[in-house]
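In what follows, a single structure is set out as structure tokens and then discussed.
Numbering (the working numbering), first residue to last: 126 to 465.
What follows is the structure in structure tokens.
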């Protein structure tokens with residue numbers, strides 16, 4: 126989902142239209158326009174993702190390599206990432222409500238299908254309940270068993286468990302939303318703001334190369350951010366990024382020597398350095414340093430968001446708290462098995 130959002134974001138950022146009434150040539154030749162559509166002019170070094178005219182403006186790979194693969198099922202849409210594993214992108218809320226929880230439980234992506242151990246747990250408690258029932262029938266007649274105390278304790282646990290689970294689910298959702306808004310959202314905002322301001326402040330052809338390089342770094346930072354968050358090894362392999370022209374061979378060698386968690390921060394340092402190069406030339410020609418301070422803030426915000434992302438992913442909930450919840454659930458399941 127993150128890679129999909131990054132590419133979609135870049136598609137919008139990359140289409141820069143020359144302001145009406147401009148008296149200087151700021152735009153590269155536009156790709157052929159479909160009949161009836163207004164002419165769009167691309168700023169040099171940027172990319173028209175929508176019409177696939179990438180080779181004319183950048184060294185990035187063709188459009189078909191940029192757009193990820195999708196798989197549509199009756200309930201959800203899945204996206205294929207670089208790991209070749211399907212990830213849930215969107216689901217049909219109306220179908221989920223219409224068909225209900227029983228039919229949708231067998232669909233891919235639910236708690237019952239993501240982890241096969243859930244089904245095994247349900248089977249275990251079902252067999253345990255049946256075993257207790259057979260043991261009671263064999264050992265003692267049912268009409269002589271007093272289960273009032275057991276029922277009272279079970280009712281108490283059934284009243285306590287929803288409160289504990291509600292707090293746990295609320296905490297999990299809060300962390301997930303913070304991950305999306307505070308971490309990923311901040312990175313996406315910085316990417317868009319950096320590129321949009323570069324196009325607006327430095328539109329001339331002489332800045333084509335640096336804008337193309339910064340676009341590559343911005344795209345790579347988002348993709349690498351996802352990889353570093355899922356990395357099981359200390360160092361990332363970015364050879365595929367080099368082959369697809371997101372990175373040069375020299376840049377790939379340097380990034381493979383950096384621990385995975387710090388690679389996105391290094392890329393944002395490169396973006397900041399690239400912006401400094403542009404401003405240096407701009408100031409030598411009589412421009413102002415004032416816009417550079419805002420670029421620095423955007424890059425630092427993105428770096429802080431990367432750190433926030435790794436902090437949220439690597440910081441587990443307190444062990445005693447989680448173990449207590451698991452213990453209460455186990456006790457409640459055992460009481461339900463005994464009562465039934």
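For each residue, glycine too, the CB sits at the ideal point set by N, CA and C.
- Task: Starting from residue 205, follow its DSSP beta bridges and name the residues at the other end.
- Result: As a position in the chain shown, residue 205 is number 80, starting the count at 1. Per DSSP, 194, 211.
Check: From which residue to which residue does the alpha helix (DSSP H) around residue 395 run?
Finding: Here residue 395 refers to the residue found at position 270 when the chain shown is read from its first residue. Residue 395 -> alpha helix (DSSP H) spans 388-409.
_Helix, strand or coil, according to DSSP, for residue 360 in the structure here?_
On the chain shown, position 235 is the one that residue 360 refers to. Residue 360: strand per DSSP, three-state reduction.
Less than 7 angstroms between the beta carbons of residue 427 and residue 393, yes or no? On the chain shown, residue 427 is found 302 positions in, with the first residue counted as 1. On the chain shown, residue 393 is found 268 positions in, with the first residue counted as 1. Contact: yes.
Exercise for the section: Within the same chain, show all residues whose beta-carbon is closer than 7 angstroms to that of residue 318, passing over the 5 residues directly before and after it, in chain order. Expected result: Numbered from its first residue, the chain shown carries residue 318 at position 193. Cβ within range, chain order: 423.
Point to revise | Near the ligand SAM: residue 280 beta-carbon under 6 angstroms from a heavy atom | key: This structure does not include the ligand SAM; it has no bound ligands of any sort.
field: Which listed residue (304, 200, 225, 224) has its alpha carbon closest to that of residue 214
entry: Taking the chain shown and counting its residues from 1, one reaches residue 214 at position 89. Among 304, 200, 225, 224, the Cα nearest to that of residue 214 belongs to 200.
Check: In three-state DSSP terms, what is residue 281?
Finding: Taking the chain shown and counting its residues from 1, one reaches residue 281 at position 156. In this structure, residue 281 counts as helix in the three-state DSSP scheme.
CB contact check: residue 437 to chain B, cutoff 7 angstroms = No chain B is part of this structure, which consists of one protein chain only.
Find out if the Cβ-Cβ distance for the pair residue 361, residue 369 is shorter than 7 angstroms.
-> Your numbering for residue 361 matches position 236 in the chain shown. Your numbering for residue 369 matches position 244 in the chain shown. Contact: no.
- Keeping to the same chain, check which residues put their C-beta closer than 8 angstroms to that of residue 402; ignore five residues upstream and five downstream. On the chain shown, residue 402 is found 277 positions in, with the first residue counted as 1. Counting only Cβ-Cβ distances below 8 angstroms, and skipping sequence neighbours, we find 335.
According to DSSP, simplified to helix, strand and coil, what is residue 328?
One-based indexing of the chain shown puts residue 328 at position 203. DSSP, read as helix, strand or coil, puts residue 328 in coil.
| the region 288-296 in contact with the region 319-339 per 3-pair CB rule at 8 angstroms | The region 288-296 makes no contact with the region 319-339: fewer than 3 CB pairs, one atom from each, lie closer than 8 angstroms.
* Asked: Nearest-angstrom Cα distance between residue 446 and residue 221?
  -> Locating residue 446 in the chain shown gives position 321, where the first residue counts as 1. Locating residue 221 in the chain shown gives position 96, where the first residue counts as 1. Near 32 angstroms, if we compare the C-alpha coordinates of residue 221 and residue 446.
* **Which of helix, strand or coil DSSP assigns to residue 227** => Counting from 1 along the chain shown, the entry for residue 227 is found at position 102. Residue 227 falls in the helix class under three-state DSSP.
Buried or exposed for residue 430, going by 16 or more other Cβ atoms inside 10 Å?
Walking along the chain shown from the start, residue 430 turns up at place 305. By the neighbour-count criterion, in which 16 or more other beta carbons inside 10 Å mark a residue as buried, residue 430 falls on the buried side.
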